[in-house]
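Undergrad: The sequence shown runs contiguously to residue 136 in the working numbering.
Every residue, glycine too, gets a C-beta built ideally from N, C-alpha and C.
Would you mind keeping the following structure in view while I ask a few things?
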Amino acid sequence: LCEDYFLYWEELDWNIRAARRGWKIVYTPSSLLWHRCSASFKGDSYLTHYYLIRNCLLFYRRHAPLYLPRILYRTVRQQAEYRKAGRPDAARGFRDGFLDFFLFRFGKNRRGIPVAR
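Structure representation (structure tokens):
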């Protein structure tokens, strides 16, 4: 898995790269997977939104660059909606993930976790 993602979107990137190299991707609907929801981060956290947006932008830049302007527009709009809805951690996570994407800061977040205000 590509370490640039660190968390979220890395498995989709991995599947696309495998398919481009000729590997067969298989879906098995009868399989079961037990996954603890939000086990990495709790709910509406700063880091959840940070990694989701930064890695979404990274994924589209690498695999579908023609869609990147649309994703960028939606990101800015979503960040404003979070701020307006009184969700400061989500808004800051989106803002910082957006900035780090443009500053080419990938991998594990080095900023630390900001304290909610």
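(1) Which ranges does the alpha helix (DSSP H) cover as unbroken runs of at least 4 residues, wholly within the segment 85-127, from first to last along the chain?
(2) Tell me which residue opens and which closes the alpha helix (DSSP H) that glutamate 22 is part of.
(3) Note down, in chain order, each residue of its chain lying with its Cβ closer than 8 Å to the Cβ of arginine 96, except the 5 sequence neighbours on either side.
(4) Beta-carbon separation of phenylalanine 120 and arginine 80 under 9 Å?
(5) Sort Gly116, Phe123, Glu22 by Cα distance to tyrosine 70 and report the nearest one.
(6) Are tryptophan 28 and asparagine 74 closer than 9 Å when you measure CB to CB?
TA: Well, looking at it:
(1) Every unbroken stretch of the alpha helix (DSSP H) spanning 4 or more residues and falling wholly within the segment 85-127 is given here in chain order: 87-103, 107-121.
(2) That residue, glutamate 22, is in no alpha helix (DSSP H); it is neither H nor E in DSSP.
(3) Counting only residues of its own chain and dropping the five nearest sequence neighbours on each side, arginine 96 has no CB closer than 8 Å to any other CB.
(4) Going by C-beta atoms, phenylalanine 120 is nearer than 9 Å to arginine 80.
(5) Out of Gly116, Phe123, Glu22, Gly116 has the C-alpha closest to the C-alpha of tyrosine 70.
(6) If you check the CB distance, tryptophan 28 and asparagine 74 come in under 9 Å.
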